[in-house]
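**Student:** I'd like to ask you about the structure that follows.
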Amino acid sequence: MGTVTVKKPARRGRTDPRAGGARGKPVTWRAKLRRDWPLLLMNLPMLLLVVAFWWIPGLGNIIAFQDYSPYSGGILGSPVIGFTNFALLFQDPQFLRAIVNTLSITAFQLIFYFPVPIMLALLLNSVVSARLRAFVQGVVYLPYFFSWVLVVAIFQQMFGGAGLLAQLLRERGHEGVDWMTNSDTFILLLTTQTIWKDAGWGAIIFLAALSTINPSLYEAAAVDGAKRWRRMWHITLPGLRPVIILLLILRLGDALNVGFEQFMLQRGAVGSEVSEVFDTFVFYSGLRTGDLGYGAAAGLFKGLVGLLLIVAANRVAHAFGERGVYSRS
Amino acid sequence: MTLLATRKKKPSGLAAWEEPPSPAGRVGKGAVLTVIVLAVLLPLYTIVLTSLSSKATVNRVGGLVLIPEGITFDAYIQIFSDTVVRRAVLVATGVTVVGTAISLGVSILGAYSLARPGSFLHRPLLFAVLLMFVFFPGLIPVYLMVSGLGLKDTYWSLILPTAVSAFNVVVMRAFFMNIPGEIMDSARIDGAGEFRILWRIVLPMSKAVTAVVGLFYAVGYWNAWFNAMLYLEDTRKWPLALVLRQYVVDSNPLPTATVGVTGAGDMPPTLAIKMAIVVVAVVPALVIYPFVQRHFTKGVLIGAVKG
Chain A
1 MGTVTVKKPA
11 RRGRTDPRAG
21 GARGKPVTWR
31 AKLRRDWPLL
41 LMNLPMLLLV
51 VAFWWIPGLG
61 NIIAFQDYSP
71 YSGGILGSPV
81 IGFTNFALLF
91 QDPQFLRAIV
101 NTLSITAFQL
111 IFYFPVPIML
121 ALLLNSVVSA
131 RLRAFVQGVV
141 YLPYFFSWVL
151 VVAIFQQMFG
161 GAGLLAQLLR
171 ERGHEGVDWM
181 TNSDTFILLL
191 TTQTIWKDAG
201 WGAIIFLAAL
211 STINPSLYEA
221 AAVDGAKRWR
231 RMWHITLPGL
241 RPVIILLLIL
251 RLGDALNVGF
261 EQFMLQRGAV
271 GSEVSEVFDT
281 FVFYSGLRTG
291 DLGYGAAAGL
301 FKGLVGLLLI
311 VAANRVAHAF
321 GERGVYSRS
Chain B
1 MTLLATRKKK
11 PSGLAAWEEP
21 PSPAGRVGKG
31 AVLTVIVLAV
41 LLPLYTIVLT
51 SLSSKATVNR
61 VGGLVLIPEG
71 ITFDAYIQIF
81 SDTVVRRAVL
91 VATGVTVVGT
101 AISLGVSILG
111 AYSLARPGSF
121 LHRPLLFAVL
131 LMFVFFPGLI
141 PVYLMVSGLG
151 LKDTYWSLIL
161 PTAVSAFNVV
171 VMRAFFMNIP
181 GEIMDSARID
191 GAGEFRILWR
201 IVLPMSKAVT
211 AVVGLFYAVG
221 YWNAWFNAML
231 YLEDTRKWPL
241 ALVLRQYVVD
251 SNPLPTATVG
261 VTGAGDMPPT
271 LAIKMAIVVV
281 AVVPALVIYP
291 FVQRHFTKGV
301 LIGAVKG
């Protein structure tokens, strides 16, 4: 789940007894350092890892502007070629295909995946027996913890050419099916896999939202004669609205991320025509071919457009009065 | 958005004002729930059963087995007598244990160090972590960094690049920040240092979030195969997830495998061996899952939603 809201210091405005001196005077940075050095020490391992594997590579993206080769002097010695890599990207049909595929998959999943956790949460919430509900929850959360390799393996065994479905159909004298290698239905297969793996876990957040709806609202509505469906329409759905809007906006901000492993794993079976997305493009057209500058340009393009989308999505979230992934500090 | 982290227990019966569900509604709901539960459990059932089936059964059925018949552990004996799978299980276990320990340690320390607004350099340090949410440096620069540090072909390449998850750190931090500051203040007055406060007071109060974040990290390491494919040229260092990918999903023969290549004689059938590997890959999650499951709502939501 990509929803993280970060609490701003709750005590801003009021003085934190530890943030000020004895009489509420601001402490000098030296005093702060003397007081807080254990915290810095605690932060250090994380900082080192984040800098080494996030921020330095982030700066390493300058190879996107180079004709990079590890043999011609690496990142310092490779000739700078400006935006040539980016210009080439937009003439590369495979890259354009990656853009189109990524956006179509996002759009498709917004329609066919996004409502599923909501419906599942409504269904679970309506189960009267607490034990039955706990059991079903336990079962549907489970696939979230399986790897994509496992999920693809399981789907192969179910819907592949030699899978269970084909086998049952053949036993009854029908044609077998092979959904795993059919590139026309790949987007459907992909979404089904995502639903199977993630929808249960995705329902958690809606279940939590449902549990905050004041039960006396339902009671009052029932007393006024509202039946089950009217109560759902007039109380439950409005209660879920803020979460739904927030997650929808976040998903739009994350539009370029459609996952990676699912496509890597099934590329061989369905072909790159339908399975090329940004991340696989970076891998196959950059890393595999050794054209690292070119691949980095594609990666940087995705990173920057993604950054813009997230910022824009947060603006919209704030406009709706929601907090978004980050709040203004 | 304010979501409570704790789920109020609904009374097991209906409220007095609530109309009892119609018989048709109950049947319909029951049917839908059954389908959902079966959609998850049936594949697992048939995979486990096939892994336990003899060659005769698998050949007769012509694929996955649905009805138990002639249970045998041959496939498991076979894969564990084979060095490739045995090594892969060992590697995956080692990477998961060491990686989870490192990730959890670094994240707990890091989250605690960021849980106090107004401390020295608090904002820039928090910013460094939060920016991870909005920008990903890209595959290739990270690859160059890992190669540059000389981590290629070492197990560290499977651990260090993914050791810190900003999401998990932020979840833990939010959880720590919900602990009343007075408790820590009183410990401080009694002369406890930060490390002691973290170890003696904060951690014992944060079991739920530690369990869930630990599970996330462990599952992440256990399931990871892409970094292994990228960084490990020595196939003997492959973790189980990559073996699963090569042998089960892509049906490539294993590099030095004795398993499944022959498939003749009294060897267990290839399909049973494949399914046995699937089962071995899924078992750790199934075993740990029930213990962590009860912490899910509390551990995840308090951090992620209530924040």
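Taken in sequence, the protein lines are chains A and B.
For reference, each letter of the first sequence is one residue, going 1 to 329 in UniProt numbering.
For reference, each letter of the second sequence is one residue, going 1 to 307 in UniProt numbering.
A virtual CB, placed ideally from N, CA and C, is assigned to each residue, including glycine.
These figures come from a predicted structure and were not determined experimentally.
For tryptophan 148 of chain A, count neighbouring Cβ atoms within 10 angstroms of its own Cβ and tell me buried if that reaches 16, exposed if not.
**Tutor:** Taking the first sequence and counting its residues from 1, the one referred to as residue 148 of chain A is at position 148. Per the 10 Å Cβ criterion, buried.
**Student:** Taking the Cβ atom as the reference point for each residue, do alanine 111 of chain B and leucine 240 of chain B lie within a distance shorter than 8 angstroms?
**Tutor:** Counted from its first residue, the second sequence places residue 111 of chain B at position 111. Counted from its first residue, the second sequence places residue 240 of chain B at position 240. No. Outside cutoff.
**Student:** Under DSSP, the alpha helix (DSSP H) around isoleucine 205 of chain A begins and ends at which residues?
**Tutor:** Here residue 205 of chain A corresponds to residue number 205 of the first sequence, with the count starting at 1. First-last of the alpha helix (DSSP H) with isoleucine 205 of chain A: 186-211.
**Student:** List, in chain order, every chain B residue whose beta-carbon is nearer than 8 angstroms to that of alanine 313 of chain A.
**Tutor:** The sequence position of residue 313 of chain A within the first sequence is 313, counting from 1. By Cβ distance, chain B contributes nothing, its closest Cβ being about 10 angstroms from alanine 313 of chain A, past 8 angstroms.
**Student:** Give the interface partners of phenylalanine 53 of chain A over in chain B, defined as CB-CB distance under 7 angstroms, in chain order.
**Tutor:** By 1-based counting over the first sequence, the position of residue 53 of chain A is 53. Correct list: Val142, Met145, Leu160, Pro161.
**Student:** State yes or no: is the beta carbon of aspartate 184 of chain A nearer than 8 angstroms to at least one beta carbon in chain B?
**Tutor:** Residue 184 of chain A sits at position 184 when you count from the first residue of the first sequence. Closer than 8 angstroms: no.
**Student:** Quick one: measure Cβ to Cβ for glycine 239 of chain A and leucine 120 of chain A, integer angstroms, because I've assumed they're closer than 8 angstroms.
**Tutor:** Residue numbering aside, residue 239 of chain A sits at position 239 when the first sequence is read from its first letter. Residue numbering aside, residue 120 of chain A sits at position 120 when the first sequence is read from its first letter. About 16 angstroms separates the two Cβ atoms, so there is no contact after all.
**Student:** Taking the straight line between their C-alpha atoms, what separation do you get for glutamine 262 of chain A and glycine 293 of chain A?
**Tutor:** Residue 262 of chain A sits at position 262 when you count from the first residue of the first sequence. Residue 293 of chain A sits at position 293 when you count from the first residue of the first sequence. When rounded, the distance between both Cα atoms is 25 angstroms.
**Student:** Just the chain A side, please: which residues come within less than 7 angstroms of tryptophan 225 of chain B by C-beta, in chain order?
**Tutor:** As a position in the second sequence, residue 225 of chain B is number 225, starting the count at 1. Ordered by position in chain A, the residues that pass the 7 angstroms Cβ test against tryptophan 225 of chain B are Val149.
**Student:** Assuming phenylalanine 114 of chain A and arginine 251 of chain A form a contact by the criterion Cβ under 8 angstroms, report the distance between their Cβ atoms to the nearest whole angstrom.
**Tutor:** Locating residue 114 of chain A in the first sequence gives position 114, where the first residue counts as 1. Locating residue 251 of chain A in the first sequence gives position 251, where the first residue counts as 1. Yes, they are in contact, since the Cβ atoms of phenylalanine 114 of chain A and arginine 251 of chain A sit about 7 angstroms apart, within 8 angstroms.
**Student:** Counting only runs that start and end within the region 274-314 of chain A, where is the alpha helix (DSSP H) found for 4 or more residues in a row?
**Tutor:** Entirely contained in the region 274-314 of chain A, the alpha helix (DSSP H) runs reaching 4 residues are, in chain order, 278-281.
**Student:** Does the separation of the CB atoms of threonine 57 of chain B and valine 65 of chain B fall below 8 angstroms?
**Tutor:** Along the second sequence, one-based indexing puts residue 57 of chain B at 57. Along the second sequence, one-based indexing puts residue 65 of chain B at 65. Contact: yes.
**Student:** For glycine 62 of chain B, go through chain A and note every residue whose CB falls closer than 7 angstroms to its CB, in chain order.
**Tutor:** Counted from its first residue, the second sequence places residue 62 of chain B at position 62. Under the 7 angstroms cutoff, chain A gives Gln167.
**Student:** Evaluate proline 143 of chain A with the Cβ neighbour count: other Cβ atoms within 10 Å of its Cβ, from every protein chain shown; 16 or more gives buried, anything less gives exposed.
**Tutor:** Along the first sequence, read from residue 1 onward, the residue named residue 143 of chain A stands at position 143. Burial call: buried.
**Student:** Would the region 276-293 of chain A and the region 139-155 of chain B be scored as touching if the rule is three or more Cβ pairs under 8 angstroms?
**Tutor:** Short answer: they touch.
**Student:** Which one of B/Met205, B/Phe136, B/Ala163, B/Asp234 has the shortest CA to CA distance from proline 180 of chain B?
**Tutor:** For this step, residue 180 of chain B is matched to residue 180 along the second sequence. Measuring from the Cα of proline 180 of chain B, the nearest candidate turns out to be B/Met205.
**Student:** Check the C-beta distance from leucine 89 of chain A over to phenylalanine 301 of chain A and give it rounded, since I have them as a contact under 8 angstroms.
**Tutor:** For this step, residue 89 of chain A is matched to residue 89 along the first sequence. For this step, residue 301 of chain A is matched to residue 301 along the first sequence. Yes, leucine 89 of chain A and phenylalanine 301 of chain A are in contact; Cβ-Cβ is about 7 angstroms, under 8 angstroms.
**Student:** Report the residue from B/Val282, B/Ala276, B/Thr210, B/Val169 whose alpha carbon sits nearest the alpha carbon of serine 81 of chain B.
**Tutor:** Your numbering for residue 81 of chain B matches position 81 in the second sequence. Nearest of B/Val282, B/Ala276, B/Thr210, B/Val169 to serine 81 of chain B, Cα basis: B/Ala276.
**Student:** Is there contact between the region 35-45 of chain A and the region 109-123 of chain B, where contact requires at least three CB pairs shorter than 8 angstroms?
**Tutor:** Contact holds: three or more Cβ-Cβ distances are below 8 angstroms.
**Student:** For phenylalanine 145 of chain A, which residues in chain B fall below 7 angstroms Cβ to Cβ?
**Tutor:** Taking the first residue of the first sequence as position 1, residue 145 of chain A is located at position 145. Those within 7 angstroms of phenylalanine 145 of chain A in chain B are Val219, Ala285, Tyr289.
**Student:** Where do the ends of the alpha helix (DSSP H) carrying threonine 28 of chain A lie?
**Tutor:** Numbered from 1 along the first sequence, position 28 holds the residue referred to as residue 28 of chain A. Premise fails: threonine 28 of chain A is in no alpha helix (DSSP H) and is neither H nor E.
**Student:** Under the rule that 16 or more other beta-carbon atoms within 10 Å means buried, what is glycine 290 of chain A, buried or exposed?
**Tutor:** What you label residue 290 of chain A is simply residue 290 of the first sequence in a count that begins at 1. Exposed, by the Cβ-count rule.
**Student:** Starting from the Cα of phenylalanine 95 of chain A, find the closest Cα among A/Ser272, A/Ala317, A/Ala313, A/Val311 and give me that residue.
**Tutor:** Counted from its first residue, the first sequence places residue 95 of chain A at position 95. Answer by Cα proximity: A/Ser272.
**Student:** Under 8 angstroms between C-beta atoms, does isoleucine 244 of chain A make it to chain B?
**Tutor:** One-based indexing of the first sequence puts residue 244 of chain A at position 244. So, not an interface residue.
**Student:** Whose C-alpha, out of B/Ser51, B/Asn178, B/Val282, B/Leu90, is nearest the C-alpha of arginine 116 of chain B?
**Tutor:** Start at 1 with the first residue of the second sequence, and residue 116 of chain B comes out as number 116. Closest by alpha carbon: B/Asn178.
**Student:** Rounded to the nearest angstrom, how far is the Cβ of leucine 33 of chain A from that of valine 164 of chain B, given a contact under 8 angstroms?
**Tutor:** Along the first sequence, one-based indexing puts residue 33 of chain A at 33. Along the second sequence, one-based indexing puts residue 164 of chain B at 164. That belief does not hold up - the Cβ atoms of leucine 33 of chain A and valine 164 of chain B are roughly 24 angstroms apart, past 8 angstroms.
**Student:** Mind pulling the chain A residues with CB within less than 8 angstroms of arginine 132 of chain B?
**Tutor:** Start at 1 with the first residue of the second sequence, and residue 132 of chain B comes out as number 132. The sequence shown places methionine at residue 132 of chain B, not arginine. Per Cβ cutoff of 8 angstroms: Val50, Trp54.
**Student:** Between the region 256-290 of chain A and chain B, which residues of the former have a C-beta closer than 8 angstroms to a C-beta of the latter?
**Tutor:** Against chain B - using a Cβ distance shorter than 8 angstroms - the residues of the region 256-290 of chain A are Phe260, Glu261, Met264, Leu265, Gly268, Asp279, Val282, Phe283, Gly286, Leu287.
**Student:** Beta-carbon separation of alanine 211 of chain B and valine 287 of chain B under 8 angstroms?
**Tutor:** Position 211 of the second sequence, counted from the first residue, corresponds to residue 211 of chain B. Position 287 of the second sequence, counted from the first residue, corresponds to residue 287 of chain B. No.
**Student:** Per DSSP, what kind of secondary structure is glutamine 66 of chain A in: helix, strand or coil?
**Tutor:** Counted from its first residue, the first sequence places residue 66 of chain A at position 66. Correct three-state label for glutamine 66 of chain A: strand.
**Student:** Determine the burial state of tyrosine 217 of chain B: buried for a count of at least 16 other Cβ atoms within 10 Å of its Cβ, exposed for fewer.
**Tutor:** Position 217 of the second sequence, counting from 1, holds the residue named residue 217 of chain B. Buried: at least 16 other Cβ atoms inside 10 Å.
**Student:** Taking DSSP as the reference, what is the three-state secondary structure of valine 80 of chain A?
**Tutor:** Stepping through the first sequence from its first residue, residue 80 of chain A is reached at position 80. Reduced to three states, the DSSP call for valine 80 of chain A is strand.
**Student:** Near phenylalanine 133 of chain B, what residues of its chain come up, given a Cβ to Cβ distance below 6 angstroms and the 5 sequence neighbours on each side ignored?
**Tutor:** Looking up residue 133 of chain B in the second sequence gives position 133. So the list reads Ala166, once near-sequence residues are dropped.
**Student:** Which of helix, strand or coil does DSSP assign to isoleucine 118 of chain A?
**Tutor:** Position 118 of the first sequence, counting from 1, holds the residue named residue 118 of chain A. It is helical.
**Student:** Quick one, which of A/Met232, A/Leu207, A/Met46 has its alpha-carbon nearest tyrosine 141 of chain A's?
**Tutor:** What you label residue 141 of chain A is simply residue 141 of the first sequence in a count that begins at 1. Checked all of A/Met232, A/Leu207, A/Met46; the closest Cα to tyrosine 141 of chain A is A/Leu207.
**Student:** State the beta-bridge partners of isoleucine 71 of chain B as determined by DSSP.
**Tutor:** In the second sequence, residue 71 of chain B corresponds to position 71, counting from 1. Beta-bridge pairing links isoleucine 71 of chain B to B/Ser53.
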